[in-house]
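Structure first, commentary second.
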Amino acid sequence: MTERAELEVRGLTARYGAVTALDGVDIIARPGSITAVLGANGAGKTTLLRTISGLVPDAEGSVLLGGRELGRTAAETIARAGIAHVPEGRGVITELTVEENLRLGELLGTARRGFRHRLDEVYDMFPALAERRRREANSLSGGERQMLVIGRALLTAPEVLLLDEPSLGLAPRIVARIFELLRELVDTRGLTVLLVEQNARSALSIADTGFVLNLGRVVAADDAASLAADDELRHAYLGF
Ligand code: ATP
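For the sequence shown, numbering that gives the first Met the number 0 assigns the number 0 to the initial residue and increments by one for each residue that follows.
Have a look at this one:
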């Protein structure tokens, strides 16, 4: 987690049959910063993350990590290059304990060395997980499950974290806490975070920069404060 890598996508285009979900998208996410990707339902946000992760076949355009083209690489190779993807919906295996779920991060990661240390770091960051480490994951609240999947992603020692709607279904207080932890993580470790959110107001409150997608195209790109202050943009695309 110490290396720093910029993530850039250029001219990304992805289709599902006749539907063009992404249409020539250019986005940059810088190390040590949170880049929000905003937009209404169906704007293409999830497809963007899936395409970066190599989960959308036949996508066109470039994905560069630290200036190096990832090309048409298998999802597993992209994960091993240092891009961790936390999909929407908290993919927790409820029959396993909290620690067993976290250990899956060891299997998925590039760096086996230092795993124990990283596990301790995750427990420091999320004390609720440490307290429940021997419990089955189905005993966790929604917020704790979100912490668990973020923790598991961090255990792969990524340079880039892709987060899809981490606030979904969580109480505002829990969202605020998770975002605060995310901010700390980025500030202390120089991680590159690409944060997809429908909750634009909350996302812009912690992000450094943001991109707004509409029908698969970037319609605005600016620093987060400027996007949040743009009344027209907020009303048209951000819903607050
Ligand atoms: P949401 O917040 O609802 O997930 P989104 O901004 O993430 O929205 P995407 O899920 O990326 O948007 O969807 C972009 C477009 O692609 C939409 O028109 C959607 O209907 C379409 N789409 C997404 N996934 C598929 C799929 N597997 N098959 C066909 N069309 C799809």
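No residue lacks a Cβ here, since even glycine has one placed at the ideal position from N, Cα and C.
Supposed contact pair residue j and residue i - C-beta distance, whole angstroms, cut 8 angstroms
{"i": "Ala206", "j": "Thr34", "result": "6 angstroms"}
{"i": "Val195", "j": "Val36", "result": "5 angstroms"}
{"i": "Leu154", "j": "Val121", "result": "6 angstroms"}
{"i": "Leu193", "j": "Gly209", "result": "Between Gly209 and Leu193 the Cβ distance is about 11 angstroms, and since that is not below 8 angstroms, they are no contact."}
{"i": "Asp222", "j": "Leu48", "result": "That belief does not hold up - the Cβ atoms of Asp222 and Leu48 are roughly 21 angstroms apart, past 8 angstroms."}
{"i": "Ala136", "j": "Leu147", "result": "6 angstroms"}
{"i": "Ala80", "j": "Leu161", "result": "No, Ala80 and Leu161 are not in contact; Cβ-Cβ is about 12 angstroms, not under 8 angstroms."}
{"i": "Arg67", "j": "Val97", "result": "About 35 angstroms; that fails the 8 angstroms criterion."}
Counted within 10 angstroms of its Cβ, other Cβ atoms place residue i as buried (16 or more) or exposed
{"i": "Ala281", "result": "Shown here, the chain extends from 0 to 239; a query on residue 281 therefore has no answer."}
{"i": "Thr46", "result": "buried"}
{"i": "Ser138", "result": "exposed"}
{"i": "Asp316", "result": "Residue 316 lies beyond the residue range present for the chain, which begins at 0 and ends at 239; the question has no answer from this structure."}
{"i": "Asn198", "result": "buried"}
{"i": "Val85", "result": "buried"}
{"i": "Arg144", "result": "buried"}
{"i": "Thr191", "result": "buried"}
{"i": "Val159", "result": "buried"}
{"i": "Tyr236", "result": "buried"}
{"i": "Ser52", "result": "buried"}
{"i": "Leu6", "result": "buried"}
{"i": "Val24", "result": "buried"}
{"i": "Ser140", "result": "exposed"}
{"i": "Pro171", "result": "exposed"}
{"i": "Thr1", "result": "Because the pLDDT at Thr1 is just 38, under 50, the model does not fix this residue reliably, and the value given afterwards should be weighed accordingly. Flag for Thr1 reads exposed."}
{"i": "Val18", "result": "exposed"}
{"i": "Ser201", "result": "buried"}
{"i": "Leu106", "result": "exposed"}
{"i": "Gly238", "result": "exposed"}
{"i": "Gly43", "result": "buried"}
{"i": "Ala78", "result": "buried"}
{"i": "Ser32", "result": "buried"}
{"i": "Pro126", "result": "exposed"}
{"i": "Ser166", "result": "buried"}
{"i": "Asn100", "result": "buried"}
{"i": "Ala20", "result": "buried"}
{"i": "Arg243", "result": "Because the chain is modelled from 0 through 239, residue 243 falls outside the range shown and cannot be assessed."}
Residue i CB to nearest heavy atom of the ligand HEM below 7 angstroms
{"i": "Thr155", "result": "In the structure shown, the ligand HEM is absent; the only ligands present are the ligand ATP."}
Short CB-CB distance (under 8 angstroms) between residue i and chain B
{"i": "Leu226", "result": "Although the question refers to chain B, the structure presented lacks it and comprises just one protein chain."}
For the ligand ATP, which residues count as neighbours when the test is a C-beta closer than 5 angstroms to any heavy atom? Tyr15, Val18, Ala20, Asn40, Gly41, Ala42, Gly43, Lys44, Thr45, Thr46
Ignoring anything shorter than 3 residues or poking outside the segment 170-214, list the beta strand (DSSP E) runs there in chain order. 191-195, 208-213
Taking the runs of the alpha helix (DSSP H) that are 4 residues or longer, which of them lie wholly in the segment 97-125? 97-107, 114-124
Any alpha helix (DSSP H) of 4 or more consecutive residues that is wholly inside the segment 18-91: 44-51, 74-79
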